[in-house]
Each structure stands twice: as C-alpha cells, then as structure tokens.
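Sequential numbering of the sequence shown, starting at 3, is according to our numbering. All C-beta atoms, glycine included, are put in the ideal place defined by N, C-alpha and C. Single-structure report; data block below.
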Amino acid sequence: LFHMTYYYGFEAEHFVLTSGVLLKNRSSLHISLITDIFLKRRPIELIFLLYSIQVANPSPEAPAHERISSLARHNAIGLQDFLIDLIKETRVGPEFEQDKTRGSHLLRAVNN
3 LFHMTYYYGF EAEHFVLTSG VLLKNRSSLH ISLITDIFLK RRPIELIFLL
53 YSIQVANPSP EAPAHERISS LARHNAIGLQ DFLIDLIKET RVGPEFEQDK
103 TRGSHLLRAV NN
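Set out below in structure tokens:
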C-alpha cells in the first residue's frame, strides 16, 4: 500500500517526492541543488534484490537526503539516470558544455 501512494516527479525545476497513506509527506528539492545521487541497499533490500536511491544536497542550512526505497534494480538505475540527465540539462556554464557535447556524440553513435 505504501508504494501505491509513492510519487516522484519533476515539477517546475524541482524533484518532488510524495508518500504516505493517511498522513502525506511531500518534499521538493530544486534540481540545481542536487549534488549526489546514490544507489544504496539496506540488509532487507539485499535479501529481496532491491535498491534505494538517495538524493543528497549538502547545504549546511537545509540538508536534504531524500530516499526512495525498495526499487527493482532496473527502476533504480533508470531513475538515477533520469535525475542525472535532468541535472545536466539545468546546469549552465562552460564547465558543463563539454559533458553536453560528449553526450550528443554518444547519442549520434548509438543511433547510427
């Protein structure tokens, strides 16, 4: 039942996470503030071959460590890749241009 009420998405440049059955919890984190995305496993998740994703923001003022628990491996990796792509799209500046062009070269190579 918990996972049926679990929502995560992208709204107005924010990563939004909502969960809960009776008491709803909703949190959002601006994509530009996300610094790390970890795949983690608790002991019980190891037994059932599940993963959790932890989204981190090391801000001293408002540290956020949002966790999405008990995902299948392909869902966890897919969500991690999705968030990394969103972060790359929102970053601007010369230090990020190289990553964007490298990705487009890879995409062209895969499509050909």
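Within this structure, are the beta carbons of residue i and residue j separated by less than 8 Å?
i, j, result
"Ser54", "Lys42", "yes"
"Glu15", "His32", "yes"
"Ser21", "Glu47", "no"
"Leu88", "Val57", "no"
"Tyr9", "Ile70", "no"
"Thr7", "Val23", "yes"
Which residues does DSSP pair with residue i in a beta bridge?
i, result
"Ser34", "The partner list for Ser34 (beta bridge, DSSP) is empty, contrary to what the question assumes."
"Gly11", "Val18"
Leaving out the 5 sequence neighbours to the left and right, which residues in its chain are closer than 6 Å to residue i when beta-carbon positions are compared?
i, result
"Ala35", "For the sequence presented, residue 35 should be read as Leu rather than Ala. Only Asn59 meet the Cβ criterion."
"Phe40", "Gln56"
Hey, would you say the C-beta of residue i is under 7 Å away from at least one heavy atom of the ligand MN?
i, result
"Pro45", "Although the ligand MN was asked about, the structure shown includes no ligands whatsoever."
When the Cα of residue i is compared with those of the options, which residue comes out closest?
i, options, result
"Ile79", "Thr7, Arg44, Leu52 and Phe17", "Leu52"
"Phe50", "Gln82, Thr7 and Arg75", "Arg75"
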